[in-house]
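Q: Handing you a structure now.
Numbering (my numbering), first residue to last: 251 to 545.
Have a look at this one:
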C-alpha cells in the first residue's frame, strides 16, 4: 500500500501505498477527520480483493503477480508510485504492507514527514554474504561494488525522489538482469535497488533508516511476526522509544553500527510504523490504539 501526503488547495496531503498479497482486513490508521490530507493506493494480488474496510474500496491499482525477492517487487513499487504521481497534490509517499500498524497519530506522522525535506530510505554497507556477497561484476561499469548497498524496502520518500525512481532505467536494468534470488548469490532486489540507487545519485538527500520498524533479532530469512500474545502497550512503547538505528553486518565479524536518528539535526524517535503483525492481533491492537496513538 502506498500512503501519500498531498497538497490540495495549498494544503499538504499524505499518500499511502500498500503492496499486499492478501485481503486487507481492517484499517489500523485513524484517518477520521483528515479527509483530503491523504490518499491511498493498493497493489494487491491479481485476484481482486474484497476489502472489509471502506477505506480501501476503490483504491486498487492495476496489479501484476509479485514474487518475493524478485524484480517484480520493484515493478509493483514503481506501479504504485506512477499512479500516485498522477495526482500533483501528492507530495510524500510511504510504502506499507498489510501487516504494518501505526505507532503515532495521523497528525504526528503528517508533521514528522512534511516537516523535513529528506526521504527515509534504509541504506548501509554490508561486506558480508547477504550484502556485498550478492553483488555481481556484471553490474559494471554503472555500479561498482563499493557503491552497492543494502536496506529494508519500506520507504517514505519525497515527490522529487519518487520521480527519480520512475525515471531510472539505467540502474534498474542492472538489478533486473543480475540481482535474482537463488542464482548463487541469492540477491534480493528490493533489499538493494533503492539503497544502491540513492547512495549513488543523492546520498545526502536520504536518512539512512526506514520509518517502519522490523525485528530481525531471530536471525531468519523473514523478520519476527507478532502474535496476539505479543501485543501490549509496552511493546509499542518500546518501539517508539527507539531513537538510534542499528545495522549488523552478515559476515563472521557481525560488526554493529549504531547511529542516532536525526530529524532536522535533532535526535528523534526513529519509527512511525511497525510490522509484522498477524491479522488476529487486530482486536488487541484496537483496544490500545485509542490511548496509545494519541501522541
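In this text, a Cβ means the ideal position worked out from N, Cα and C, and glycines have one as well. Bear in mind that the values here come from a model prediction, so they are computed numbers and not experimental data.
(1) Can you give the Cα-Cα distance for residue 290 and residue 254, rounded to whole angstroms?
(2) Let's test the definition: count the other Cβ atoms within 10 Å of the Cβ of residue 320 and tell me whether it reaches 16, buried, or not, exposed.
(3) Say yes only if the C-beta of residue 433 is nearer than 8 Å to one or more non-hydrogen atoms of the ligand SAM, and no if none qualify.
(4) I'd like to confirm the pairing. Which residues does DSSP put opposite residue 496 in its beta bridges?
(5) At what residue ranges does the region 391-464 contain a whole run of the alpha helix (DSSP H), taking only runs of 4 or more?
(6) Grab me the residues of residue 332's own chain with a C-beta within less than 7 Å of its C-beta, minus the 5 sequence neighbours each way, in chain order.
(7) Which residue or residues does DSSP assign as beta-bridge partners of residue 517?
(8) Note the first and the last residue of the continuous alpha helix (DSSP H) segment covering residue 324.
(9) Specify the secondary structure class of residue 310 as computed by DSSP and reduced to three states.
(10) Taking only three categories from DSSP, how would you classify residue 340?
(11) Counting C-beta neighbours from all protein chains within 10 Å, is the total for residue 395 16 or more, i.e. buried, or is it exposed?
(12) Which first and last residues belong to the alpha helix (DSSP H) in which residue 489 is found?
(13) In the structure shown, what three-state DSSP assignment does residue 529 receive?
(14) Taking just the CA atoms, how far does residue 455 sit from residue 315?
(15) Which class does residue 534 belong to by DSSP, given the choice of helix, strand or coil?
(16) Under three-state DSSP, which class holds residue 288?
(17) Quick one: give me the first and last residue of the alpha helix (DSSP H) that residue 382 is part of.
(18) Check whether the region 457-464 and the region 400-408 are in contact - that is, three or more C-beta pairs closer than 8 Å.
(19) Put residue 522 into one of helix, strand or coil per three-state DSSP.
(20) With residue 458 and residue 348 assumed to form a contact (beta carbons below 8 Å), what rounded beta-carbon distance in angstroms separates them?
(21) Using C-beta distances below 8 Å, list every residue in its chain close to residue 535, excluding the 5 sequence neighbours before and after it, in chain order.
(22) May I have the straight-line CA-CA distance separating residue 414 from residue 365, to the nearest angstrom?
(23) By the DSSP assignment, the alpha helix (DSSP H) with residue 357 in it spans what residues?
(24) Is residue 363 near residue 524, with beta carbons less than 9 Å apart?
(25) Looking at C-beta atoms only, is the number of pairs between the region 420-430 and the region 490-502 that lie closer than 8 Å three or more?
(26) Under 9 Å between the Cβ atoms of residue 335 and residue 251?
(27) Less than 9 Å between the C-beta atoms of residue 381 and residue 398, yes or no?
(28) Using 8 Å for Cβ pairs, my map puts residue 509 next to residue 495. What's the rounded Cβ distance?
(29) Using the C-alpha atoms, what's the distance from residue 391 back to residue 276?
(30) Near residue 475, what residues of its chain come up, given a Cβ to Cβ distance below 8 Å and the 5 sequence neighbours on each side ignored?
A: Straight from the coordinates:
(1) 7 Å
(2) buried
(3) Annotation note on the ligand SAM: not contained in the displayed structure, which lists no ligands.
(4) 508
(5) 409-417, 420-428 and 439-451
(6) 416
(7) 512
(8) 321-335
(9) strand
(10) strand
(11) exposed
(12) 483-490
(13) helix
(14) 32 Å
(15) helix
(16) strand
(17) Element bounds for residue 382: n/a, residue is neither H nor E.
(18) yes
(19) coil
(20) That pair is no contact at about 26 Å.
(21) 278, 351, 481 and 527
(22) 21 Å
(23) 356-364
(24) no
(25) no
(26) no
(27) yes
(28) 5 Å
(29) Summary for residue 276: the model assigns pLDDT 42, below 50, so the residue's position carries little reliability; its value from the coordinates is reported in the next sentence. Their Cα atoms are separated by approximately 47 Å.
(30) 349, 526, 527 and 528
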